[in-house]
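K.L.:
Before I ask anything, let me first share the structure, which is written out below as C-alpha cells.
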Amino acid sequence: MDLFFVISGFCLSYPMLESLRQNRATRFDIARFFTKRFVRILPSYYCAIVLFCAMLVALHLSGNVAPTPPMSQPASAYDFLRQFLFLDQPPNYINGSFWSLAIEFRWYFAFPLLLLLWIRAPRAYFGVALGSVLAFHLTRLHALDFATLPALMLGIVAADLRARRANIAGAAIAGLLASGAAALWVEPSTTEGIIIQNQLAWQIAAFCFLCVSPSVGWLARVLSCRPMAFIGLASYSVYLVHEPLIALMELRGFGPWLASAAALLAGYAFFLIAERPFVDSPLRTMIDKATPHVRVFLKWIGMQPIVEIEPGVVQTRRQAAA
Numbered sequence: 001m002d003l004f005f006v007i008s009g010f011c012l013s014y015p016m017l018e019s020l021r022q023n024r025a026t027r028f029d030i031a032r033f034f035t036k037r038f039v040r041i042l043p044s045y046y047c048a049i050v051l052f053c054a055m056l057v058a059l060h061l062s063g064n065v066a067p068t069p070p071m072s073q074p075a076s077a078y079d080f081l082r083q084f085l086f087l088d089q090p091p092n093y094i095n096g097s098f099w100s101l102a103i104e105f106r107w108y109f110a111f112p113l114l115l116l117l118w119i120r121a122p123r124a125y126f127g128v129a130l131g132s133v134l135a136f137h138l139t140r141l142h143a144l145d146f147a148t149l150p151a152l153m154l155g156i157v158a159a160d161l162r163a164r165r166a167n168i169a170g171a172a173i174a175g176l177l178a179s180g181a182a183a184l185w186v187e188p189s190t191t192e193g194i195i196i197q198n199q200l201a202w203q204i205a206a207f208c209f210l211c212v213s214p215s216v217g218w219l220a221r222v223l224s225c226r227p228m229a230f231i232g233l234a235s236y237s238v239y240l241v242h243e244p245l246i247a248l249m250e251l252r253g254f255g256p257w258l259a260s261a262a263a264l265l266a267g268y269a270f271f272l273i274a275e276r277p278f279v280d281s282p283l284r285t286m287i288d289k290a291t292p293h294v295r296v297f298l299k300w301i302g303m304q305p306i307v308e309i310e311p312g313v314v315q316t317r318r319q320a321a322a
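What follows is the structure in C-alpha cells.
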C-alpha cells in the first residue's frame, strides 16, 4: 500500500510538473482536477459496493458465512450510506480494502494545496510532511490520514525529480537499501501490526524504488512488459474486488496462488463491466459537462478554480490577468 500511495502522488502531479519544468509555466485547472477524480473513481467504487452487498445477500440466503474482516455487513442504512460518502469512522467496511479509498478521496481535497506548496516553498512542504508524521505518532491526531500523507507527498517529489530529469539513481538505490533494511528492522511481528500503514521507512523505500526504476534497464523493462501493463490497466478494479474474493476462495479450501489468480481475472472482468465504460470518450464527456458546475461551486466558496503557475510563483487567474 505504501507504494500505491507514492505512485498516486506521482501520477496526480507529474503532468503538471512536467509542463511546468519544460515550459517554465503551466495552468492548474483545479475544478477539472476535482471533476476528473470524482468521475474516474466514484462509478466503479459504487458498483463494487453494490456487488458486495449482493454477495452478502447471496451468502446469507445460501446459509454460508462471509469471510471476516474482508467483508462486514453494514449494521444499518446509515452505515451503508457512510461508505458511499467515504466516511470511515467507525471503520466497518463492506470490503476491507476500502479503507485506503476513503483516505485517498480526502487527499484529493488537499492535493492542490500540497502541489502548490511544493512549487512555491519546498522547505515548508517538508515541514508539513514532518508535522504529519509527528501528529500521528505523538498527538491525539492518531488517524491514518496523517500516517500515510507523507507517502503521497513523496510521490509529488518523485514526479518533480522525474520532470527535472534528475539523475539520482545511485542515491535512490542506497536509500532503497537503507530504508528497506530500517523498515524490516522495526516491522511489527504481529499480523495486526503489519497491515497498519504507519511506517515512514516503507514510504521512503517506495519513493526510492519509484525514483530508481526508470534508470535501471532490466527493471524498467520488467515494469513495462505486457503482463505488468495488463495489471496496471485494471489495477483499480482489481483492488476494488480482490480481498473478499481471495478470502472467500481460501475459506472454501483453495490455495492462495489460485485464489489470487482468480481474483486478478475477476478484477479484469470487473474492469470491463464497471470501469472501462467510463473511460475515454464517455469519461471526457462527463468531465466536460460537470467541470463548469464545479467551477461555479469553487467560486461560490471563495476558491479560484484555475491557477497559473510559474517556478516559485503561484497566481490565481484573476491575479495573472491584472
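Just so it is clear: in the sequence shown, position 280 is 280 by my numbering, and no numbers are missing. Glycine residues also receive a C-beta, built at the ideal position from the N, C-alpha and C atoms.
Alpha carbon to alpha carbon, how far is Tyr14 from Thr35?
P.N.:
For this step, residue 14 is matched to residue 14 along the sequence shown. For this step, residue 35 is matched to residue 35 along the sequence shown. Answer to the nearest angstrom: the Cα atoms are 18 Å apart.
K.L.:
What are the boundary residues of the beta strand (DSSP E) that includes Arg27?
P.N.:
As a working note, residue 27 is residue 27 in the sequence shown. Unbroken beta strand (DSSP E) run through Arg27: Thr26 to Asp29.
K.L.:
What's the gap between the Cα of Glu18 and the Cα of Asn167?
P.N.:
On the sequence shown, position 18 is the one that residue 18 refers to. On the sequence shown, position 167 is the one that residue 167 refers to. When rounded, the distance between both Cα atoms is 16 Å.
K.L.:
With 16 other CB atoms within 10 Å as the buried threshold, where does Asn64 fall?
P.N.:
Within the sequence shown, residue 64 is the residue found at index 64, counting from 1. Asn64 comes out exposed.
K.L.:
Return helix, strand or coil for Glu187, following the three-state DSSP convention.
P.N.:
Locating residue 187 in the sequence shown gives position 187, where the first residue counts as 1. It is coil, neither helix nor strand.
K.L.:
Does the count of Cβ pairs from the region 95–106 and the region 121–138 closer than 8 Å reach three?
P.N.:
no
K.L.:
Provide the residue span of the beta strand (DSSP E) that contains Ile309, from first to last.
P.N.:
Taking the first residue of the sequence shown as position 1, residue 309 is located at position 309. Where Ile309 is concerned, the enclosing beta strand (DSSP E) stretches over Ile306 to Glu310.
K.L.:
Which residues in the same chain as Tyr46 place their Cβ atom closer than 8 Å to its Cβ, once the five residues preceding and following it in sequence are excluded?
P.N.:
By 1-based counting over the sequence shown, the position of residue 46 is 46. Phe84, listed in sequence order.
K.L.:
Indicate the three-state DSSP secondary structure (helix, strand or coil) for Pro67 in the structure shown.
P.N.:
Numbered from 1 along the sequence shown, position 67 holds the residue referred to as residue 67. Residue state, collapsed to three classes: coil.
K.L.:
Measure the beta-carbon distance from Ser44 to Glu275 and round it to whole angstroms, keeping in mind my assumption that it falls under 8 Å.
P.N.:
In the sequence shown, residue 44 corresponds to position 44, counting from 1. In the sequence shown, residue 275 corresponds to position 275, counting from 1. Their Cβ separation, rounded to whole angstroms, is 4 Å, which keeps Ser44 and Glu275 in contact under 8 Å.
K.L.:
Does Val50 pass the burial test, meaning 16 or more other C-beta atoms within 10 Å, or should it be called exposed?
P.N.:
As a first step, residue 50 must be located in the sequence shown, where it is residue number 50. So Val50 ends up on the exposed side.
K.L.:
So, helix, strand or coil for His137, using DSSP?
P.N.:
As a first step, residue 137 must be located in the sequence shown, where it is residue number 137. Of the three classes helix, strand and coil, the one that applies to His137 here is helix, per DSSP.
K.L.:
Beta-carbon within less than 8 Å of Phe324's beta-carbon, same chain only, minus the 5 sequence neighbours each way: which residues are those?
P.N.:
No statement about residue 324 is possible, as the shown extent of the chain runs from 1 to 322 and does not include it.
K.L.:
What is the C-beta distance between Ile306 and Arg27, in whole angstroms, given that I count them as a contact (C-beta under 8 Å)?
P.N.:
For this step, residue 306 is matched to residue 306 along the sequence shown. For this step, residue 27 is matched to residue 27 along the sequence shown. Ile306 to Arg27, Cβ: 6 Å. Contact.
K.L.:
Between which two residues does the alpha helix (DSSP H) carrying Gly267 extend?
P.N.:
Here residue 267 refers to the residue found at position 267 when the sequence shown is read from its first residue. Counting along the chain, the alpha helix (DSSP H) containing Gly267 begins and ends at Pro256 to Phe270.
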